[in-house]
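In what follows, a structure is listed as structure tokens, so that the remarks can point back to it.
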Amino acid sequence: MNAKLLAGALALAALAFVAAFPGLLAPYPFGYADTIRFAETEAGQTWVYAPEPPSEVYPWGSDDYGYDLMTRLLWGLRWTLGIVTLTAFMRSALGAAIGIAAAMGGSAPRRRSGAAAAPLAGVPSFVLAFFILYPITVNSPLGSVGLFFVQAAVLTAFELAGVAGSFDARTRALLDKPFVTAAVGAGADRGWILRHHLAPYLAEAFAETFADQCVRTLQFVGRLGMFFVFIGGTTLTFDPPLLTSTTGELAGLIGLYRARLLVNRWLLAYPLGAYLVIAGSFGLFASGLRELLKKGPEA
Amino acid sequence: MKDAIKAAARRAARGAAAFALSVALALLAAASPAAFRVYRPEPTAPVRSSLEPGRALKAIGAWVSGLAGGDGFVYVVGQTRWDARETMPRYAAVSFFYVVAPGLAGISLGIVLGIAGGSGPRRRGAGLLGRALGTLYAVPEFILALALQLGALVALDALGFSVARISSDPRGGPVLALPFMLMAFYPFAFTYKAARRRALEAAESDYVRYARAKGLGEALISRRHLGAAVIPEIRSELPSIISLMQGNLFMCEYIFALPGVTRLLFTAAFPARGGLARSGEFQYPVAALVVIACFAVYAAAWGTYRIALAVARRGLSGER
Numbered sequence: 002m003n004a005k006l007l008a009g010a011l012a013l014a015a016l017a018f019v020a021a022f023p024g025l026l027a028p029y030p031f032g033y034a035d036t037i038r039f040a041e042t043e044a045g046q047t048w049v050y051a052p053e054p055p056s057e058v059y060p061w062g063s064d065d066y067g068y069d070l071m072t073r074l075l076w077g078l079r080w081t082l083g084i085v086t087l088t089a090f091m092r093s094a095l096g097a098a099i100g101i102a103a104a105m106g107g108s109a110p111r112r113r114s115g116a117a118a119a120p121l122a123g124v125p126s127f128v129l130a131f132f133i134l135y136p137i138t139v140n141s142p143l144g145s146v147g148l149f150f151v152q153a154a155v156l157t158a159f160e161l162a163g164v165a166g167s168f169d170a171r172t173r174a175l176l177d178k179p180f181v182t183a184a185v186g187a188g189a190d191r192g193w194i195l196r197h198h199l200a201p202y203l204a205e206a207f208a209e210t211f212a213d214q215c216v217r218t219l220q221f222v223g224r225l226g227m228f229f230v231f232i233g234g235t236t237l238t239f240d241p242p243l244l245t246s247t248t249g250e251l252a253g254l255i256g257l258y259r260a261r262l263l264v265n266r267w268l269l270a271y272p273l274g275a276y277l278v279i280a281g282s283f284g285l286f287a288s289g290l291r292e293l294l295k296k297g298p299e300a
Numbered sequence: 000m001k002d003a004i005k006a007a008a009r010r011a012a013r014g015a016a017a018f019a020l021s022v023a024l025a026l027l028a029a030a031s032p033a034a035f036r037v038y039r040p041e042p043t044a045p046v047r048s049s050l051e052p053g054r055a056l057k058a059i060g061a062w063v064s065g066l067a068g069g070d071g072f073v074y075v076v077g078q079t080r081w082d083a084r085e086t087m088p089r090y091a092a093v094s095f096f097y098v099v100a101p102g103l104a105g106i107s108l109g110i111v112l113g114i115a116g117g118s119g120p121r122r123r124g125a126g127l128l129g130r131a132l133g134t135l136y137a138v139p140e141f142i143l144a145l146a147l148q149l150g151a152l153v154a155l156d157a158l159g160f161s162v163a164r165i166s167s168d169p170r171g172g173p174v175l176a177l178p179f180m181l182m183a184f185y186p187f188a189f190t191y192k193a194a195r196r197r198a199l200e201a202a203e204s205d206y207v208r209y210a211r212a213k214g215l216g217e218a219l220i221s222r223r224h225l226g227a228a229v230i231p232e233i234r235s236e237l238p239s240i241i242s243l244m245q246g247n248l249f250m251c252e253y254i255f256a257l258p259g260v261t262r263l264l265f266t267a268a269f270p271a272r273g274g275l276a277r278s279g280e281f282q283y284p285v286a287a288l289v290v291i292a293c294f295a296v297y298a299a300a301w302g303t304y305r306i307a308l309a310v311a312r313r314g315l316s317g318e319r
């Protein structure tokens, strides 16, 4: 195991622990809010209003509604990690199944001309996902958990073709190897070839694809968050009309607070920092895994 | 000859069909918000939404039938009615500028530095640059955009004067340094990597060794031999580069408030007033026209890049 993979795996394990037990680290209970409080200062007693900058009372500051930002981020982490790992796993598993089936079924490989334009790229996939997800995410009747699974399914569908194509190509390359040809000549059936000759190699490809898709999904979720499509739901209120994240999912908080560059910068800075830590952890893990698989397990 | 013409015609027909299908699919996806009705059953009740797929089809039908009479081009922002035939070309021009100008700057720089890094004594430095660019390239564009804005504001606080505008306004015009830099960075990093890889391969090839043995100078070899090898590589990567830029365009126009065509989607299509955070009817005509304009910008950018690369190849290699 190389240093990158070890660092990434340790960081992800730590993040998973925090996501599983946010109450152990959060300074306040889930849902606690204090929009106004009475404080003792050197100048005497005074009223303090939300949002408050980082202090001993609120380590990462509080938001407009008096929620402690650290508590909100720690509880929101499970939504971020959940959508990333579930979507990446479903994309990898479905993509592998479709790709392997296409290659073993003997269908003609997809031809791609390198210099040709890719017309569907005229509108990026996150925009198409936005069209579909925005109406079901805002004030969703599905509830946060139900919506989470619907969002994961929609996100899985995007970029699934690319993953399937990759597995298709890898499987075809393996099927052309001499040891597979020899096994076919000796009378091995498709099930045998899949289990004994393809699976060991494709398992590595699956691990690599899963790690890469984690990184890509995190970016995808971040982009959607910039346009108020939050994982677990967006709450739209009228009078005044406001959009907010129902779950406090991290990428969503960046989108929510991106306009806070001029005032109350901590509201953007901490979610941004948390997002970068998660992105860095997944990135290290994926890069380390790629290096390990390229060099072989003894590296 | 006839076979070649037939094959080219078949390719063109396939391309046109794929393009038309893509536009149709995107127009269909763009109608999905119309399938949901957001409402409050009573003035004090919580907001609800219901799925009514017929509304989406109705929106598409109304838009298509309104195109002939001009109603399909009309949209409302606030209390003002706008005609997309007048406004859309201006928005599209801004988008086209931000896809093409920074892209060409980034690609040109990437090719020049990639070739320089793939030959001669600067390989070590080029490797370090490649790793640094690779790390930055992995950062999503919206994070870099926010970091650039934050950096400009921190610089303003520290220096007391503005080093860069963080968003577009009517007085300052639509050309901003920060989104230009951001739009140029990703094609630059992508092109640098591809150009350096190809230049390294070409530098070891027989024809380059032969040229060196004949006594040709390194500058000439870089230009005529490596340059001629790198340009086709970049041309084959154009779909990836432009799709990357189309995605970045949405984010740049939104974050830097550029008056481009993609921003219109989020400021005008969804609500009657003030963007995503407002209530109101979804305006499918705006979404549909934005989608079509995006495809037009994509096609125009693709053509422009192809011409620019062809000219660059001729300029570098001296081929006629």
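Chains as they are written, first to last, in this note's numbering: chain A, 2 to 300; chain B, 0 to 319.
Glycine is no exception: its CB is placed at the ideal position from the N, C-alpha and C atoms.
Just so we're clear, the structure is a prediction, and the values are computed from it rather than from any experiment.
8 Å contact criterion, which residue i and residue j should meet: CB distance rounded
i, j, result
"Met105 of chain A", "Thr172 of chain A", "7 Å"
"Thr72 of chain A", "Tyr33 of chain A", "7 Å"
"Gly314 of chain B", "Thr190 of chain B", "With a Cβ gap of about 17 Å, Gly314 of chain B and Thr190 of chain B do not count as contacting."
"Tyr74 of chain B", "Val285 of chain B", "5 Å"
"Leu320 of chain B", "Leu177 of chain B", "Since the displayed chain B opens at 0 and closes at 319, residue 320 of chain B lies outside it and no answer follows."
"Leu293 of chain A", "Leu6 of chain A", "6 Å"
"Ala91 of chain B", "Val296 of chain B", "6 Å"
Proximity of residue i and residue j at Cβ, strictly below 7 Å
i, j, result
"Ile254 of chain B", "Ala144 of chain B", "yes"
"Leu161 of chain A", "Leu95 of chain A", "yes"
"Ser126 of chain A", "Phe159 of chain A", "yes"
"Val19 of chain A", "Leu78 of chain A", "yes"
"Gly71 of chain B", "Trp62 of chain B", "yes"
"Gly284 of chain A", "Val216 of chain A", "yes"
"Leu262 of chain A", "Leu152 of chain B", "yes"
"Val124 of chain A", "Ala55 of chain B", "no"
"Ala198 of chain B", "Gly117 of chain B", "yes"
"Ala267 of chain B", "Val76 of chain B", "yes"
"Arg92 of chain A", "Val164 of chain A", "yes"
"Pro136 of chain A", "Pro32 of chain B", "yes"
"Ala256 of chain B", "Ser166 of chain B", "yes"
"Gly234 of chain A", "Thr245 of chain A", "no"
"Phe286 of chain A", "Ala212 of chain A", "yes"
"Ile194 of chain A", "Ala187 of chain A", "no"
"Leu248 of chain B", "Thr261 of chain B", "yes"
"Val22 of chain B", "Gly259 of chain B", "no"
"Ile84 of chain A", "Ala4 of chain A", "no"
Beta-bridge pairing of residue i - partner residues as DSSP gives them
i, result
"Ile37 of chain A", "A:Tyr50"
"Gly45 of chain A", "A:Thr42"
"Phe35 of chain B", "B:Leu50"
"Val75 of chain B", "B:Arg80"
"Gly172 of chain B", "B:Asp168"
"Val139 of chain A", "A:Thr235"
Local Cβ density within 10 Å of residue i, reported as buried at 16 or more and exposed below that
i, result
"Arg9 of chain B", "exposed"
"Trp48 of chain A", "exposed"
"Ser114 of chain A", "Its pLDDT being 48, under 50, Ser114 of chain A is placed unreliably in this model, and the coordinates cannot settle the point."
"Glu51 of chain B", "exposed"
"Ile4 of chain B", "exposed"
"Ser204 of chain B", "exposed"
"Val264 of chain A", "exposed"
"Val310 of chain B", "exposed"
"Ala116 of chain A", "Any reading at Ala116 of chain A must be qualified, since the residue scores a pLDDT of 47, below 50, and its modelled position is unreliable; the value itself is stated next. Classification for Ala116 of chain A: exposed."
"Gly62 of chain A", "buried"
"Thr134 of chain B", "exposed"
"Tyr209 of chain B", "exposed"
"Phe323 of chain B", "Examination of residue 323 of chain B is not possible in this model, given that chain B is present from 0 through 319 alone."
"Pro28 of chain A", "exposed"
"Gly216 of chain B", "exposed"
"Asp302 of chain A", "Nothing in the structure corresponds to residue 302 of chain A, since chain A is present only between 2 and 300."
"Gly249 of chain A", "buried"
Closer than 6 Å: residue i CB and nearest the ligand ZN heavy atom
i, result
"Pro30 of chain A", "This structure simply doesn't include the ligand ZN, nor any ligand for that matter."
What residues from the segment 131-163 of chain A come within 8 Å of chain B, judged by C-beta to C-beta, listed N to C?
-> Cβ contacts with chain B come from Phe132, Ile133, Tyr135, Pro136, Ile137, Val139, Asn140, Ser141, Pro142.
Using a Cβ-Cβ cut-off of less than 7 Å, list which residues of the segment 212-227 of chain A approach chain B; keep chain order.
-> Cβ contacts with chain B come from Gln220, Gly223, Arg224, Met227.
Scan the segment 251-271 of chain A for residues whose Cβ lies nearer than 9 Å to a Cβ of chain B and list them as they occur along the chain.
-> The residues in question are Ile255, Gly256, Arg259, Leu262, Leu263, Arg266, Leu269, Ala270.
In the segment 50-62 of chain A, which residues sit with their C-beta less than 8 Å from some C-beta in chain B, listed in chain order?
-> Hits within the stretch: zero.
Mind checking the segment 65-91 of chain B against chain A and listing, in chain order, the residues whose C-beta falls within less than 7 Å of any C-beta there?
-> Taking 7 Å as the Cβ-Cβ cut-off against chain A, none of the residues of the segment 65-91 of chain B qualify.
Mind listing which residues of the segment 287-313 of chain B have their C-beta closer than 7 Å to chain A's C-betas, in chain order?
-> Interface annotation for the segment 287-313 of chain B against chain A: Val290, Cys293, Phe294, Tyr297, Trp301, criterion Cβ-Cβ distance under 7 Å.
Residues, ordered as in the chain, of the segment 242-260 of chain B that lie near chain A by beta-carbon distance below 8 Å | For the segment 242-260 of chain B, the beta-carbon criterion of a distance under 8 Å to any beta-carbon of chain A is satisfied by Ser242, Gln245, Gly246, Phe249, Met250, Tyr253, Ile254.
Along the segment 75-96 of chain A, what residues have a CB closer than 9 Å to any CB found in chain B?
-> So nothing in the stretch comes that close.
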